Each structure stands twice: as structure tokens, then as C-alpha cells.
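Using my numbering, the letters of the sequence shown map in sequence onto residues 209 to 477. To keep things clear, I will list the structure first and then write my remarks on it.
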Amino acid sequence: MRLMLLLAVMMALHGEVRQGDVIRVAGPGEKARMNGRTVRLFEQTDGSRLGLMAVPATEKPGEYTLQVMDGGGNVVRSESVVVKDARFRKQNVVIGKETAALAPSEEETRLVRAFLAAETERRYWAEPLKLPLPGCMISPYGVERLHNGKPTGNVHGGWDQRGAKGTAVRAVAAGVVRIAKMFELRGGTVGIDHGQGLETMYLHMSGFAVAEGAEVKQGDVVGYVGSTGRSTGPHLHWSVFANGVAVNPAQWVRVGACAAAPAGGKKKK
209 MRLMLLLAVM MALHGEVRQG DVIRVAGPGE KARMNGRTVR LFEQTDGSRL
259 GLMAVPATEK PGEYTLQVMD GGGNVVRSES VVVKDARFRK QNVVIGKETA
309 ALAPSEEETR LVRAFLAAET ERRYWAEPLK LPLPGCMISP YGVERLHNGK
359 PTGNVHGGWD QRGAKGTAVR AVAAGVVRIA KMFELRGGTV GIDHGQGLET
409 MYLHMSGFAV AEGAEVKQGD VVGYVGSTGR STGPHLHWSV FANGVAVNPA
459 QWVRVGACAA APAGGKKKK
């Protein structure tokens, strides 16, 4: 049987994906590999297997081979995947010197890395995911960030949504809270493990409505919009991760015209 790449909008045209996409890989098989990244195919309730292979925003456009392997590491299926240029834009942020100088502590870096590297057998999430708050999107995924007109070398790994300070931030899907801490760079941060390689993070919040270890349902309040950490005003930055790689939230949530509005700036050349 031909390898099934279950993609919804993610891989609609003859094995083509864009930077920031997720390839949903179905078995048979236990692991999938592409361009040096290996992910597990987790067993589902119906006995099938499913894994989430992320295509990073920085992936070089071109043709790659996606391989599915059995438990012994033998390749049982392979598929050609063409990664297309997503043509992300550049975006300038005017930011003060003190705010721009904020950096993550060693503990912040360690905790976030551990969170993104963890594997949870149980699947909590179901689709569609829901927006964490109704505010318009003010900065999309994948934009190349400039601070005061100077390149930072960073690509925006999520969405920024406008929201008044104190507005409730809700879980986009069910899961377990693994992080609920005030960090130097990210500010008030909640990290939710949705299981089987899917995680989300919510940043710059003013406070928390959950504690680490809590199990949440989709739509539960997890915190409140703020402007903590490296932030220039009240908003929510949130990210979707597939096996530790930040991916485009646009593939996971249903959005109206406001939330899908493009950011200003010039396209990358």
C-alpha cells in the first residue's frame, strides 16, 4: 500500500508543502525521517499510526525524501516531497534598548528545551484547534524580524494577536500544562503538551489561571494578556510546535479575515 500522507490543507498538490507546514504521516511503520529529522508514528485509538513531520520556516526550498521505517529501522515506504518557498515577509518592530537587550536565563532555555523534547503517548488533542482569544493578528508566523530597522536573525515562530491587558487566554486544545512560569525573555509563559508530538506555548501574559501539571480542556482559561518579557505592549504571542519545531498556526485553526490579515513590510528577496 502506498505511503499515506494525510495532510488536509497541508499537502494538497502532488507532494508539495510550504515552509512552516506539517506533514501528517500515516503508517504502516513506527518512525518517519526527512532531511535529518526523525519523528514517531504514534498508535491511534483505531489502531492506525500517525506522526507529525514539521517543515521548519527556514527549510531550504527543494525536493526531499520522506521515509517511513519499521521498528528495526528498515525503510518500508518512501515519498518525494517538494518544499516550496512560503515567501515570508520582513517586519520591523520599534523597541527600546532595555527591552531589546532581554535574553533568556539558563533555566528558561533548559525548561523550554525539555518541554519541546518530551514525548507523550496519550493524544489529548482533536481538530479543529480554536484561537486562544478573538483579537486580530498583528504579526504572522514566519516573518523575518527587524528591531529598529536592524536584522535580528530571528524568524517569528508563531502569531501575535492583539488583546487588551487582562483578556482571558484559552487553551487551543486539550492537554497537560507543563510550564506556567514568569520568564525573562518570554514573560508570563504557559506551555501545554497536547500529546503525540503537538505542543503550544502562550507568551507575555500578565498572570496565570493554571498550575503546572493541570489537565486542561479546549477553551479553558490558562492566563491573561499582558506585556511581560520582551514585549512592546499588551498582546499574546502563541506558537504551535510539531515535535519541537515551530509551525504555522494557520494550518491548525479556523480564522476570520481579521486574524488572517497580512503583516506590513516587504517580502523577502
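Quick reminder that beta carbons are idealized off the backbone N, C-alpha and C, glycines included. A quick note: this is a predicted structure, and the numbers were derived from the prediction, not measured.
Continuous beta strand (DSSP E) stretch holding residue 339: start and end: Element bounds for residue 339: n/a, residue is neither H nor E.
Rounded Cβ spacing between residue 333 and residue 383 (contact assumed at less than 8 Å): 7 Å
Integer Cβ distance of residue 395 from residue 433, believed to fall under 8 Å: In this structure residue 395 does not touch residue 433 by the C-beta definition: roughly 11 Å separates them, more than the 8 Å allowed.
One or two residues paired with residue 262 in a DSSP bridge: 230
Nearest neighbour of residue 320, chosen from 411, 381, 456 and 335 [CA to CA]: 411
Spatially closest choice to residue 282 from 459, 238, 413 and 437, by CA coordinates: 238
Alpha-carbon spacing of residue 418 relative to residue 387, whole angstroms: Using only the alpha carbons, I get a separation of about 10 Å.
Residues near residue 381 by beta carbon distance below 6 Å, same chain, minus five either side: 333, 337, 402 and 426
Cβ pair count under 8 Å reaching 3, the segment 298 to 307 against the segment 432 to 447: yes
Residue 340 burial status per 10 Å Cβ neighbour count (16 or more: buried): buried
Beta-carbon gap between residue 233 and residue 240 smaller than 8 Å: Yes, these two residues count as a Cβ contact at 8 Å.
Unbroken beta strand (DSSP E) run spanning residue 450, endpoints: 443 to 450
DSSP three-state assignment for residue 433, whether helix, strand or coil: coil
Counted within 10 angstroms of its Cβ, other Cβ atoms place residue 451 as buried (16 or more) or exposed: buried
Cutoff 7 Å; reference residue 290; Cβ partners in own chain excluding five residues on either side: 223, 224 and 271
Through-space distance from residue 376 to residue 316, alpha-carbon basis: 24 Å
Option nearest residue 405 by Cα separation, candidates 227, 397 and 257: 257
Collapsed DSSP secondary structure at residue 223 in the structure displayed: Under the three-state reduction of DSSP, residue 223 is assigned to coil, being neither helix nor strand.
Span separating the alpha-carbon of residue 487 from that of residue 276: Given that the chain is displayed from residue 209 to residue 477, the structure contains no residue 487 and the question cannot be resolved.
Pairwise C-alpha distance: residue 356 and residue 308: 10 Å
Coil, strand or helix - residue 359 by DSSP: strand
Residue 416 beta carbon less than 8 Å from that of residue 431: yes
Nearest-angstrom Cβ-Cβ length linking residue 259 and residue 248, presumed shorter than 8 Å: Contact holds; Cβ gap of about 6 Å.
Residues of its chain near residue 453, where Cβ-Cβ distance is below 6 Å and the 5 sequence neighbours each way are ignored: For residue 453, where only same-chain residues beyond five positions count, the Cβ hits under 6 Å are 262 and 264.
Whether residue 203 touches residue 436 by CB criterion (8 Å): The first residue shown for the chain is 209 and the last is 477, placing residue 203 beyond what the model contains.
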